[in-house]
Amino acid sequence: MLCACSGEQFKFEEAPQSPDSLATRDFSASGLSSRTGDWESKFDETQVEDVESTLKEALSLNYEEARALLGRLEYQRGNFDASLQVFEGIDIRALIPRMIRAIAERTKQRKPRSKTDNVLLNVMSMHSVSLLLEAILLKSKSLEELGRYTEAAKECRIIVDTVESALPSGMPEGIGEDCKLQEMFHKALELLPNLWIKAGFLDEAVTAYRRALVKPWNLEPQRLACVQKDLATTLLYGGVEVNLPSQLKVKGLTTPMSGTEEAILLLLILSGKMALQEIDWDPEIMDHLTFSLSITGMFESLADNVEKILPGVYDRAERWYFLALCYSAAGHHEVALNLLRKACGSSEAKHRPHFPSFLFGAKLCSLHPNHTHEGIKFSQEVIDLSKNKNEHFLGHGKKFLGICHGAAARISVLDSERIVFQRESLNFLNDAAALTGNNDPEVLFSLGLENAIQRNLNAAYDSIMMYSDMMAGSSKRGWQLLTLIVSAQQRFKDAETIVDFALDEVGSVDQLELLRLKAVLQITQQQPKQAIETYRILLAVIEAKKEHWLEDKTFRHQALAEQKLEMEAWQDLATIYADLSSFLDAKACVDKAQLIEFFSPRSWHITGLLFEAQSLHKEAFVSFTVSLSIEPDYIPSIISTAKLLLELGKQSLPIARSFLMNALRLEPTNHDAWFNLGLVSKMEGSLQQAADCFQAAYELKLSAPVQKFE
Amino acid sequence: MSGDEASVRAIDSLSAIVPSLARTTPSTLLTNPEIYSQISTLLRNPNSGAGDNNLCRWLYDTFQSGVADLQLLVLRFLPVIGGVYLSRVADRKPQAGFEAVLLALYAHETTSRGGQPLSVTIPDLTSPSIYHDAKGAPNKSGTPEVAVVSPALEPHGTVRSTRRARIVGVALELFYAKIWQMPVASKIEFCKFCRTWAGQDGEMYRKTEGGEKEVEGRVPLPWELLQPVIRILGHCLLGPNNRDVELFDAASEACRCLFARTMHDVNPKAILPIRSLMTLSNNLMDKTQLDPTELPFTDVISL
């Protein structure tokens, strides 16, 4: 009986499942004889018709099974053509309905029931089913070996379709112990998407992956995770959008709206499993997660996930650097800096210094003036470390050192210290420029800014021109600084031309600051009417934007900046009207400004000026005091207070002097303060000192920009 | 006009500009590799971007025809156009031709997005999904958090220098959206241009020590340009095409150079994804070149 295509022994690896199926017979030649006795006894026990039908089915099944076994043999030998031929002899289409019924019936039988064994005479045994499924799987693999991927995928899909129709709600537990059905099915689930990818049909592959994941098929956790990871990478890098079919969009379950969202969901699930140690640590999952969350800008989520990684996976400095990158990218610079301090600190002193942490620390400190001294330390380390290995970064170290020195100069209390810092800052920045061959735009910008603050206007102009060229005019801050430098050179017309040019080049988002700059230039050129017009335009633009950014949380930072600009515009208008002596208009503008922010030192300062202009000195004093109580270092109010004191006579001169000296300590280049100091000295009788002060005031005014440089 | 008529017109006008392509038929318009290489070469000519350039005019008209296949054809040349354009910006050459094509692509995206930003909802693992059951108490925070991938587009009639990066970036986003239909040659070109834009030599990150050299042609790379570039590079390195050896090598080279550049600029937003891409692509390379008899390379001595 049918062992005979090659006369060899066909052994089964597993025990036959149901004793009445003739298909489970042992086909060995020796086995045949031993069974004949049983065979005859079967005939005695059951009805003839049943046996006939069983035999017919059994015979046809056995034919298919024999081909299956032969094909398997050929496949194992590597004769893919031959095995394919054998497999093609099996008429799968006809057998599928029976297979489906068999699987459905046999798995239902898992519930404990008695006396139902013999009902399943016309149903295939699980063993035959799994044998046939194996045949289809091997056929598919043979096609794969022969390079016919699309056909292979279609064959493989038959397996998945069959089992899914039979078990629509997933595979029940415990089915795997008795037959190879589950194993074959799992292999098919894993093979199918790979075949589709090889065939070039990404959308089919994605569908196949989803089928494997959406229902519970008893895959082992590691294998399930593997499939999830493959789906995530296909969605993330494949470049094809495959929409979720509507049957998967169930209410109450979060459904991803795009491929990227789906990939991120899967990767988050996987990283959760790693955190709970349900699956092994796989660094690639972390890399994919980093990529996907960075690309979509979800840096806070990324930081959360990195925090969940168990200790021991990364070494400490690596982990802190990674976290610092995430937090900094999410905008939490203080947190990032804290982490970098740890990475560069004493606990890591015994290990090799982590150069990227130092570099990043130097950069963060250079961006925030309250960390200048720390920045100096970081930059010094960067320079020391670069000398050994990374000569390329030497220029960077010098650049950050220069920037930090400049910031330190501005916050230093001692004049002698300030001079040293300023000189060092320029030295380092010039060194950095030389080292990078004038190719680093950041160095050029910093050099220009530092020179401008130190009133070396020609050098500043050259640097900023080079910067602007290098950026091809695409940087708004370059335009702004250039305008301010040119205005400091007292070339107001040119400055206005530059601003107009910049306004053309800049999109509507960034125009606001430039418009204000233009208006300030017009005020300086004694063109109040044009200035008022410009402010009108500015306020209209802000008004138009208000509808947009009130709802949109993501642009809150921008919205706050625009609000601040609106307030400043009203304040500027108030000063214009005050100069034109229209006090009512000025008061109206100040009120508008105070609606936006009541506690703005500048608004109180302008109120004080208005009172002073109307000779209400007491009220003026009160306003200036309020302004100073909000911000003790607000220089215009300090100077105005000193001016008022000057008018009160000789006994208030020392107080006035101390106010002015305070202002000069904060800002040594303030020509107004020098001028008033000169007046104080003159009233006190020290004429030589007064002359020096007036000289200083004059020279500083000659190079004063219309707005502060930073 | 119908697709075929448009194709025929396109071929006619193309053959006027490039006589050697006169033999193409509408069906081969998309698949003929000759077209790609010829037009590519012409686009790199010294004055190819000028306002009166015929080829740019042809590209613009073809894209504006509205036929999907023809638009895909024009989109293939985006890497070359974008690459040559950005590299020449610093020389202040007039490039109105290129700018017209880029603006056409930008306008197409602006209309198709309808003023909405492209955003992604942050998945909340505490509520169940089709792939997992929720554990723990659900987060009743109300509105789901949304991350904006690409902000809403404002229409632009000309290329202003501060908007240049955004316009090219949006064109690259369109390229990425159709990347599955782009030929491999187009992607290889893209990788080569990435290398030029980075302006750094990535040698020192290729597992061996080496000096860092400056490469000509570096270009300012703000995030609006870098973000689509990194996505396209991810596809080239790890997508289904990466079996193509030439593409994989070009993409790895581009990745290294961009990594060197982001480390140079110390830009954390860019360092994170590119670092991951480098690790993933190095893993892939190791898998294919694994020699089990090699001693493991490490420069850390553990005691």
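The listed protein sequences correspond, in order, to chains A and B. Using my numbering, the first residue of the first sequence is number 1, and each one after it goes up by one. Using my numbering, the first residue of the second sequence is number 1001, and each one after it goes up by one. All C-beta atoms, glycine included, are put in the ideal place defined by N, C-alpha and C.
Check: Identify the contact partners of B/Tyr1131 in chain A, using a Cβ-Cβ distance below 8 Å as the criterion.; Outcome: Leu213, Val214, Gln228, Leu265, Leu266, Ile269
Check: Could one say the Cβ of A/Tyr237 lies closer than 8 Å to chain B's Cβ atoms, at least one of them?; Outcome: yes
Check: Can you check which of these residues, A/Ile90, A/Arg77, A/Ser83, A/Ala82, is closest to A/Glu65 by C-alpha distance?; Outcome: A/Ile90
Check: At the level of alpha carbons, what is the spacing between B/Leu1070 and A/Leu132?; Outcome: 49 Å
Check: Hey, how far is the Cα of A/Ala588 from the Cα of A/Ala574?; Outcome: 8 Å
Check: If B/Gly1239 sits next to B/Leu1277, beta carbons under 8 Å apart, how far is it from one beta carbon to the other, in whole angstroms?; Outcome: About 12 Å; that fails the 8 Å criterion.
Check: Suppose the cutoff is 6 Å on Cβ atoms and the five residues either side in sequence are ignored; what does the same chain contact list for A/Met274 look like?; Outcome: Trp281
Check: Can you name the residues of chain A whose CB is closer than 9 Å to the CB of B/Ala1250?; Outcome: Those do not exist, as B/Ala1250 stays about 16 Å from chain A at its closest Cβ, beyond 9 Å.
Check: Please list the terminal residues of the continuous alpha helix (DSSP H) segment that includes A/Thr234.; Outcome: 221-237
Check: To the nearest angstrom, report how far apart A/Leu325 and B/Ser1048 are at their CA atoms.; Outcome: 41 Å
Check: Strictly by DSSP, which residues pair up with B/His1132?; Outcome: B/Ser1129
Check: Per DSSP, A/Thr260 forms a beta bridge with which residues?; Outcome: DSSP, once it has assigned bridges, lists no residue as partnering A/Thr260.
Check: Would you please verify whether the beta carbon of B/Thr1208 is less than 8 Å from any beta carbon of chain A?; Outcome: Bear in mind that a pLDDT of 39 at B/Thr1208, under 50, signals an unreliable position, so the model cannot answer this.
Check: Give me the Cα-Cα distance between A/Ala15 and A/Lys187, rounded to the nearest whole angstrom.; Outcome: Low confidence applies to A/Ala15: its pLDDT is 41, below 50, so where it sits in the model is not reliable, and the reading given next is rough at best. Roughly 21 Å between the two C-alpha positions.
Check: Just by C-beta distance, which residues in the region 464-477 of chain A are closer than 8 Å to chain B?; Outcome: Asp469, Met470, Met471, Ala472, Gly473, Ser474, Ser475, Lys476
Check: Determine the closest residue to A/Pro705 out of A/Leu628, A/Glu568, A/Leu481, with distance taken between C-alpha atoms.; Outcome: A/Leu481
Check: Whole angstroms is fine: what's the gap from A/Glu543's alpha carbon to A/Gln558's?; Outcome: 14 Å
Check: Extract the residue ranges of the alpha helix (DSSP H) inside the region 462-541 of chain A, only unbroken runs of 4 or more that lie entirely within it.; Outcome: 476-488, 492-505, 511-524
Check: Please determine if the region 1147-1159 of chain B and the region 1179-1189 of chain B are in contact, where contact requires at least 3 C-beta pairs separated by less than 8 Å.; Outcome: no
Check: Is B/Val1008 helix, strand or coil when you go by DSSP?; Outcome: helix
Check: How is B/Val956 classed by DSSP in three states: helix, strand or coil?; Outcome: With chain B covering 1001 to 1303 only, the question about residue 956 of chain B has no answer from this structure.
Check: Have a look at the DSSP bridge pairing and note the partners of A/Thr254.; Outcome: B/Ser1129
Check: From the DSSP output, read off the bridge partner residues of B/Val1146.; Outcome: B/Thr1121
Check: Please report the distance separating the alpha-carbon of A/Glu699 from that of B/Tyr1085.; Outcome: 47 Å
Check: Rounded to a whole number of angstroms, what is the C-alpha to C-alpha distance between A/Gly238 and A/Arg423?; Outcome: 55 Å
Check: Given A/Ser294, which residues of its chain have a CB within under 8 Å of its CB, disregarding the five upstream and five downstream residues?; Outcome: Leu302, Ala329
Check: Compile a chain-ordered list of the residues in the region 1100-1129 of chain B whose CB is closer than 8 Å to at least one CB of chain A.; Outcome: Val1120, Thr1121, Ile1122, Pro1123, Asp1124, Leu1125, Ser1127, Pro1128, Ser1129
Check: Using Cβ-Cβ distances below 7 Å, what residues of the region 1215-1232 of chain B are close to chain A?; Outcome: Pro1220, Gln1227, Ile1230, Arg1231
Check: Cβ of B/Asn1283 less than 8 Å from any chain A Cβ?; Outcome: yes
Check: Whose C-beta lies closer than 7 Å to the C-beta of A/Lys643 among residues of the same chain, with five residues either side of it excluded?; Outcome: Asn676
Check: Quick check: what's the CA-CA separation for A/Gly297 versus A/Glu262?; Outcome: 16 Å
Check: Straight-line CA distance for A/Asp415 to A/Met661?; Outcome: 12 Å
Check: Using alpha carbons as the reference points, say which of B/Thr1111, B/Ser1013, B/Asp1133 lies closest to B/Leu1153.; Outcome: B/Thr1111
Check: Looking only at its chain, what residues have a beta carbon closer than 8 Å to the beta carbon of A/Lys592, apart from the 5 residues adjacent to it on each side?; Outcome: Trp570
Check: Count Cβ pairs between the region 457-466 of chain A and the region 493-500 of chain A that sit closer than 8 Å; are there 3 or more?; Outcome: no
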